[in-house]
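Participant: Pasting a structure below so you can have a look.
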Amino acid sequence: EGKLRIELKSVINQAAELEEKIEKVEADKAELATALVQTQHCLERSQVQLIETQMKLEQLEKEIWGANEGEEFYKAKAISLEKEVQLTCSEIESLRAEVYRERALSVAKSTRCEELEDELEKKKKELEIQQDTVCNEEVKLKEMALAEARECLEESLRQLREAETKLGELEKELDVANEDNRSLKSQLDRERALSVAKSVRCEELKNELEKKEKELETQQDAIFNSELQMKDMALAETQESLEKSQAQLKEAEMKLGELEKQLDAANQEKKFLQLELDSVQTEFQAMSAQIDSLKEQVHKERASAAEFSVKYMELETELQRKRSELEVQQRANSRNEIKVKQEDLEAAAGKLAECQKTIASLGSQLRSLATLEDFLIDTASIPGFSPPAPLMARRSNEPWKLHSNHTFLPAKEYEPKNKSEAAYTPLTSHNGRHPSKSPASSSSSPPPAFFMNPPGSEKSGNGFAKYFSLSRN
């Protein structure tokens, strides 16, 4: 039980740690949201730059249309610039798609964090309900299940952190791609400036342009081809980085699926432990009901024993009364009357024999009660059980012993007080085996102590036991 309590405390601490980790994840989520906002601003800036480039292209087109000579050259240049703009637009669109993907991933992470928070709240509620309604053992077992769930959640958080680090790497790669795009845009701006300068120079040197058109066309074609090759290489690198990031995201999704499976397994184990706890509780209730029934039986047996003792005392008083009457009548009546009295005494002896049988049955019942007491003492070792009250009352903490005639007597009073008391009984005085004893002394003999005082009283003796032991002989 102590271990289970310690585990419960550890589970509660782990739940608090999980809450702190969830708060950290929320902070990371906010940082990702700010990063997304920054990327959106960058996209807006790029759109503004595209608009500016379009305006410049329109100006160039106006200048080209204004110039009568070299229209075809400028048209080809405008077409090439438009192609470059289209390429940049396609790159921007791809970047937008990546940004949307990152947004979707961030939304998925946020939903996952919310689900984890809901699960933690549910588990907290379940723990509170279980602490109010279920016993310590149930709480301990549930703490074990929660500890396992906590370990699974810690592993999931670690995997989420790894996924976040991978996302950070992807963001860095996207920043590198943005820097490449910016460098390309700067190159485009330079080329546009060069084109403007060339247009001015073309106006000033129309004659030279006519002569050197072919040379310039060849040179420009080579330059454009080299630039296109460089752009293709950069695009290929960006595509490779995107493929790597997608593969990493797929791995993170697989890990998340494994974590969900582990959580499901933990929930199943928790349900199994709850079923075991319910079965243990039912067994405990059944054992408590059995103990209550045994206690009731013990009380009934004690009541019946008290009733038998009262009846026996009444019979003994009647016998003593009849003996006293016989002793008085022996002096006055004849032998015939003595014979009649002897018959009465024999009938009384028969009644005493019947009482002796009942006492023997009571002794056997007391033996069974002694075995029941041993059983209850054995069950006291079970956790959660309280030992019942002692079955036999003890007189000043003295043990009881079983006499030869199945009666319980204290240990101190088990030995006879004196030899004369052990040798003397009312029947021997009546039958004339001890002629030295007078009728008065026989009439004044004390009644059996066991039936005058029930077991457990300080005046209980062994006279009745000695009486029946000698009467049997």
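Mapped onto UniProt numbering, the consecutive letters of the sequence shown carry residue numbers 1 to 473. All residues carry an ideal CB built from backbone N, CA and C; glycine is no exception.
1) Buried or exposed for L319, please, with buried defined as at least 16 other CB atoms from any protein chain shown within 10 angstroms of its CB.
2) Does the separation of the CB atoms of K322 and A348 fall below 8 Å?
3) Using the beta-carbon count (16 or more within 10 Å), is S404 buried or exposed?
4) Given this structure, state the Cα-to-Cα distance separating A370 from M313, to the nearest angstrom.
5) Taking one C-beta from the stretch 299-312 and one from the stretch 277-285 each time, how about it: are there three or more such pairs within less than 8 Å?
6) For A265, count the other beta carbons within 10 Å of its own beta carbon; 16 or more makes it buried, fewer makes it exposed. Which is it?
7) Taking K351 as the reference, which of V340, R367 and E316 has the closest Cα?
8) Alpha carbon to alpha carbon, how far is E19 from N13? Give it in angstroms, no decimals.
9) Quick check on E7: buried or exposed, where buried means 16 or more other Cβ atoms within 10 Å of its Cβ?
10) S10: which of A35, D175, E151 and R45 sits nearest, CA to CA?
11) Could you tell me the alpha carbon to alpha carbon distance between E121 and E23, rounded to whole angstroms?
12) Measure the C-alpha to C-alpha separation of A193 and Q86 and round it to an integer number of angstroms.
13) Since I believe E296 is in contact with Q365 (beta carbons under 8 Å), could you give me their beta-carbon distance rounded to a whole number of angstroms?
14) As a quick exercise: from N267, L294, E237 and K172, pick the residue whose alpha carbon is nearest that of A35.
15) Does any residue of chain C have a CB that is nearer than 8 Å to the CB of Q268?
16) Please classify A16 as buried or exposed, where buried requires at least 16 neighbouring CB atoms within 10 angstroms.
17) Cβ of L345 within 8 Å of Cβ of L362?
18) Please report the distance separating the alpha-carbon of D292 from that of K261.
19) How big is the Cα-Cα spacing for R182 and K250?
Facilitator: Based on what the coordinates show:
1) Buried, because 16 or more other Cβ atoms sit within 10 Å of the Cβ of L319.
2) The beta carbons of K322 and A348 sit closer together than 8 Å.
3) Residue confidence for S404 is low, a pLDDT of 43 falling below 50, so the modelled location carries little weight and cannot support an answer.
4) Computed Cα separation, rounded: 25 Å.
5) No contact exists between the stretch 299-312 and the stretch 277-285.
6) Under this definition A265 is an exposed residue.
7) Distance check between K351 and each of V340, R367 and E316 places E316 closest, using alpha-carbon atoms only.
8) Just so you know, the alpha carbons of N13 and E19 end up roughly 10 Å apart.
9) That one is buried.
10) S10 has its Cα closest to that of E151, out of A35, D175, E151 and R45.
11) In a straight line, the C-alpha of E121 is about 14 Å away from that of E23.
12) Those two C-alpha atoms are separated by around 19 Å.
13) Rounded to whole angstroms, the Cβ separation of Q365 and E296 is 15 Å, and the two are not in contact under 8 Å.
14) Restricting attention to N267, L294, E237 and K172, the CA atom closest to the CA of A35 is found in K172.
15) Although the question refers to chain C, the structure presented lacks it and comprises just one protein chain.
16) Answer is exposed; the Cβ neighbour count stays below 16.
17) Going by C-beta atoms, L345 is not nearer than 8 Å to L362.
18) If you take the alpha carbons of D292 and K261, they lie about 47 Å apart.
19) So the two alpha carbons sit approximately 30 Å from each other.
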